[in-house]
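For reference, the structure is listed below as structure tokens.
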Amino acid sequence: MNADDSVAMEESTAVALVDGGAAPVISFERFEKVVVFNDDSEIEAATNTSYLQPAAKNYQSVDAIIKPDILLQVTGAHKHPCKQKGLHDVLKLLGNPEQPRLFFVLPPDRFTDFKYQRYLDSKRKRMMAPSYENVCKIQQFAMEVKLESE
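The opening residue of the sequence shown carries number 15 in the working numbering; numbering runs sequentially from there.
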């Protein structure tokens, strides 16, 4: 599963990840319009509730952004730690929201066992806790998404 996969958002559930447990299921609405951006200034200029997808395949730490405070990371892996510097930079572009949320978008076979993800420092070493204040505010979620049949 990668960022290019077609996703059936109406068939998704999300659970908050906390260090040591999970919170209740959260609803997540489908977005009809996707804005593909090439430059960070396009993030800042976009209206709230915009679904933003980077044109670059290797954009920093996230695969999509929903303004004002949602970050999406698509993965099929059992673990997917994110670089805290990339998250810090994206949160700055969003105006450092008070309650940022990071959703790990997962296939059904990874959803149930997916745990809270630690962050990586600039040397790609796993950190016990993030050092950036805005990254400390991130609440993580696991979102189960079923792929549409071709």
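Note that CB positions come from ideal geometry on N, CA and C, so glycine has one too.
In this text, all values refer to a predicted model and were calculated from it rather than measured experimentally.
Environment of residue i [buried if 16+ CB atoms lie within 10 Å]
i           : result
residue 19  : Confidence at residue 19 is low in this model, with a pLDDT of 38, below 50, so the placement of that residue should be treated as unreliable; the coordinate-derived value is given next. Exposed.
residue 92  : exposed
residue 83  : buried
residue 113 : exposed
residue 89  : buried
residue 81  : buried
residue 142 : exposed
Three-way DSSP call (helix, strand, coil) for residue i in this model
i           : result
residue 152 : coil
residue 174 : An answer regarding residue 174 cannot be provided, because it is not within the stretch 15 to 164 covered by the chain.
residue 122 : helix
residue 97  : strand
residue 76  : coil
residue 20  : Note on residue 20: pLDDT 35, under 50, position unreliable in the model; the coordinate value appears next. Of the three classes helix, strand and coil, the one that applies to residue 20 here is coil, per DSSP.
Sub-8 Å separation of residue i and residue j beta-carbons
i           : j           : result
residue 87  : residue 51  : no
residue 65  : residue 48  : yes
residue 94  : residue 149 : no
residue 154 : residue 116 : yes
Enclosing beta strand (DSSP E) for residue i [first to last residue]
i          : result
residue 87 : 84-88
residue 49 : 48-51
residue 68 : 65-68
First through last residue of the alpha helix (DSSP H) which encompasses residue i
i           : result
residue 108 : Per DSSP, residue 108 belongs to no alpha helix (DSSP H) and is neither H nor E.
residue 54  : 54-59
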